[in-house]
Amino acid sequence: MINQETKTRIQKYFDEACKELHIDSSLYTLRFCIDDGRFPSAFNSAEWGGNTLYINEEWVELCLRSDCEFDLRYILSHEARHLYQHQVIADFKQRGKSSELPAVINQWEYEFLHYIRNEGDEDSMDKNTNQQVEIDANAFANCMLIKNGLGARIKSGQEKIMEKAIKALAKKMWNIKIA
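Residue numbers for the sequence shown follow the working numbering, so the first one is 17 and each next one is one higher.
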């Protein structure tokens, strides 16, 4: 069981990421789950269900045992970016305009409708991480790590695409250039 101090830290990471994305984090609930059948393995960290982010306690405990605090910040930023993606899609449908390109929005919508979940095996993990919604969420999470002086975490085989995505997102969000 994770303690209240850790839960508070996780909430803080989520709030920070939401603030960067201009999302009101108070509209969302973080719920910690232990072996409720939601997650296929300890390596699945979190997933959305409505306005609730379900967080795998077993995964959090693995992070804490491995002294991987940056993983906690990474995944909360990643999940906040998924909120942003859904909000952009909804806003575009309602108003017909957005700060994101229509082609990007259409791709995100398609991928959420045909989402490939990471089931804990290598094949589903590769298919999951190669979706544009995941590349974008991972790029945002890496930007947040870099902003907090923790460096980037890039999956092997995605160095080129992730470097490009991180640079583009950092420029768009903060008007900075990453060397």
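Just so you know, even glycine gets a beta-carbon here, dropped at the ideal spot from N, CA and C.
So residue i packs on residue j, CB below 8 angstroms; how close in whole Å?
{"i": "Asn67", "j": "Thr45", "result": "6 angstroms"}
{"i": "Phe7", "j": "Val104", "result": "Examination of residue 7 is not possible in this model, given that the chain is present from 17 through 195 alone."}
{"i": "Ala58", "j": "Glu74", "result": "4 angstroms"}
{"i": "Cys49", "j": "Ser41", "result": "The pair is not a contact, with the Cβ atoms about 19 angstroms apart (cut-off 8 angstroms)."}
Rounded to a whole number of angstroms, what is the C-alpha to C-alpha distance between residue i and residue j?
{"i": "Asp51", "j": "Ala62", "result": "13 angstroms"}
{"i": "Ser115", "j": "Gln101", "result": "11 angstroms"}
{"i": "Asp31", "j": "Ala153", "result": "16 angstroms"}
{"i": "Ala157", "j": "Pro118", "result": "23 angstroms"}
{"i": "Met178", "j": "Gly136", "result": "22 angstroms"}
{"i": "Lys23", "j": "Tyr126", "result": "33 angstroms"}
{"i": "Lys162", "j": "Leu43", "result": "Note on identity: in this sequence residue 162 is Ile, with Lys being the wrong assignment. Answer to the nearest angstrom: the Cα atoms are 27 angstroms apart."}
Tell me which residue opens and which closes the alpha helix (DSSP H) that residue i is part of.
{"i": "Glu85", "result": "85-111"}
{"i": "Tyr29", "result": "20-36"}
CB-CB under 6 angstroms to residue i, same chain, minus the five flanking residues each way: which ones, in chain order?
{"i": "Arg97", "result": "Ala153, Phe156"}
Identify, in the order they occur along the chain, each residue of the same chain with its Cβ nearer than 8 angstroms to the Cβ of residue i, setting aside the five sequence neighbours on each side.
{"i": "Gln147", "result": "Glu127, Tyr131, Ile132"}
Quick one: what's residue i bridged to in DSSP?
{"i": "Glu63", "result": "Tyr70"}
{"i": "Arg47", "result": "Tyr70"}
Could you pull out every residue in the same chain whose Cβ sits closer than 7 angstroms to the Cβ of residue i, ignoring the five residues on either side in sequence?
{"i": "Lys187", "result": "Lys193"}
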